Amino acid sequence: MEHEAEEPKAYYPRPSSAGPERCIRQMVYAARNEIPKPLSGRAVEVFSDGHIHQMTTEDRLRKSAFEVHSVEMGVDIPGIFHWMPEGLRYCKACDKDVPYRDLHAHLDFLFDDVLGVTRLCDVKGLSTYGYEALCKGEIPLDYLTQQSWYLRALQAYNPDIREAVLLVKNKNTSAYMEYRMVYDPAEDSLTVIDRVIHTGEHESVGLVIENITNASLKKFAEIEKHRAAGTLPERQYEHDHWRCSYCSFGKACWSTWVEEHEKLIDDAVLEGEVVDIVKLERQRALEEANAKNDKDQFRAGIKNILKAAGVRQARVGDYIVSWTVGTRKKLNEELLPPGAYQAALEDKPSERLTINRIKKEDEK
Ligand code: SF4
């Protein structure tokens, strides 16, 4: 209920949305002050949990040999967003107005190790799904970009602070993963040095990301251009991507898709690589259909043998074959109050790609 009273967060360029994975079209909607779909109560809880995970992690570090300090320190780069409209926005953490043209942000905290080296630390809480994707090698580009912005801004306060640690916590299991990185302000490049995961496995990464903050400056400038012109950039993701299913502007974004699609060319002739790809696709589709047919026949035969033998589970060679029966819940629309089913239906983007062979003259 508290959340319902909250205003949607106003758009302004900020490190947390500077990365390349954040959908640019979504940010243009926000910059145009379009009304977002309100977050679900569960999503609000997820965000508020994130803050608690940060505090517990910070607390754990305080009990170690590291010295945590400069918690939620504000950093500024005056005038860096020179294309932004003039004017001020209110920063709740500082209780003061700051110019839209300045980068003004609050980092998580800094910490000193036993040798007195100061590093920036940012804490992120992820679901098991997100955490495991990183374990398998996915690179958290948005988080790395955010760190680079803080490191770039910290140059004005202490040019010796070049290194950062990104601590990622699995919110379901409390497993931690740590990335160590160094930012080079002269080259605007970030090097991810290494990472350690909760199993103790240490991996040298050596990934260099060039032009990391300048690339987001370009993106922010493009957003401002679209805002001022009232235009929208291309969609950055397909409608079935998880980012679109969580996007607060999803409905507005895909509402014009059918119309746009109708403007595409209908009677084109394509040549080159696509001809071979279509042939291969058809060949694979035929093989799959044949394989499915065979599989269905084998399964029916196996069931008949079990039935005839009065068996529901058996060891067969190297396999256990189980035949189970049961019931499952299925919606019976007729039992719903009149109109309830129709009222619950929503338009969702959908698509289909069909490929049919052109009949030759003698086949017609
Ligand atoms: S629905 Fe998807 S493509 Fe559209 S703005 Fe949202 S994230 Fe971007």
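Its first residue numbered 150, the sequence shown is counted upward by one per residue in the numbering used here.
No residue lacks a Cβ here, since even glycine has one placed at the ideal position from N, Cα and C.
It should be emphasised that the depicted structure is a prediction, and the values quoted were computed from it without experimental measurement.
Buried/exposed call for residue i, threshold 16 Cβ in 10 Å
i    : result
P289 : buried
L502 : exposed
S365 : buried
C270 : buried
H231 : exposed
L303 : buried
Y278 : exposed
A192 : exposed
I342 : exposed
A440 : exposed
A167 : buried
R174 : buried
Y178 : buried
V224 : buried
R433 : exposed
Pairwise C-alpha distance: residue j and residue i
i    : j    : result
L275 : R461 : 43 Å
G450 : A457 : 11 Å
D261 : F215 : 6 Å
Y161 : I372 : 10 Å
V263 : M204 : 22 Å
A159 : T340 : 32 Å
S397 : P185 : 5 Å
M330 : Y468 : 49 Å
N363 : D443 : 56 Å
Q491 : E387 : 27 Å
G488 : L494 : 10 Å
E235 : Y249 : 6 Å
C240 : K320 : 29 Å
K285 : D416 : 44 Å
P486 : G190 : 27 Å
L484 : K497 : 25 Å
D333 : V314 : 15 Å
A180 : S353 : 39 Å
P169 : D425 : 33 Å
P187 : S499 : 23 Å
Local conformation of residue i per DSSP, three classes
i    : result
P164 : helix
F447 : helix
C101 : Lying outside 150 to 513, the shown extent of the chain, residue 101 is not represented and no answer is given.
D343 : strand
A214 : coil
E371 : helix
S276 : coil
T267 : strand
S394 : helix
A313 : strand
N182 : coil
M204 : helix
S365 : helix
R301 : helix
A378 : helix
I454 : helix
N508 : Asn is not the amino acid found at residue 508; the sequence shown has Lys there. In the structure shown, K508 sits in coil (DSSP, three-state: anything other than H, G, I, E or B).
E422 : helix
Y386 : coil
Anticipated Cβ contact below 8 Å, residue i with residue j, distance rounded
i    : j    : result
S404 : I361 : Actually they do not touch by this definition, with Cβ atoms about 34 Å apart.
L104 : M222 : Examination of residue 104 is not possible in this model, given that the chain is present from 150 through 513 alone.
H390 : L381 : Incorrect: roughly 17 Å between the Cβ atoms, too far for contact.
R431 : I507 : In fact, because the Cβ distance is near 12 Å, the residues do not count as touching under 8 Å.
E327 : R344 : 6 Å
Y325 : L316 : 6 Å
V272 : T206 : 5 Å
Residue i beta carbon near the ligand SF4 (any heavy atom closer than 6 Å)
i    : result
Y160 : no
R501 : no
F398 : yes
C393 : yes
C172 : yes
R181 : no
R384 : yes
C284 : no
Q203 : no
Q175 : yes
C402 : yes
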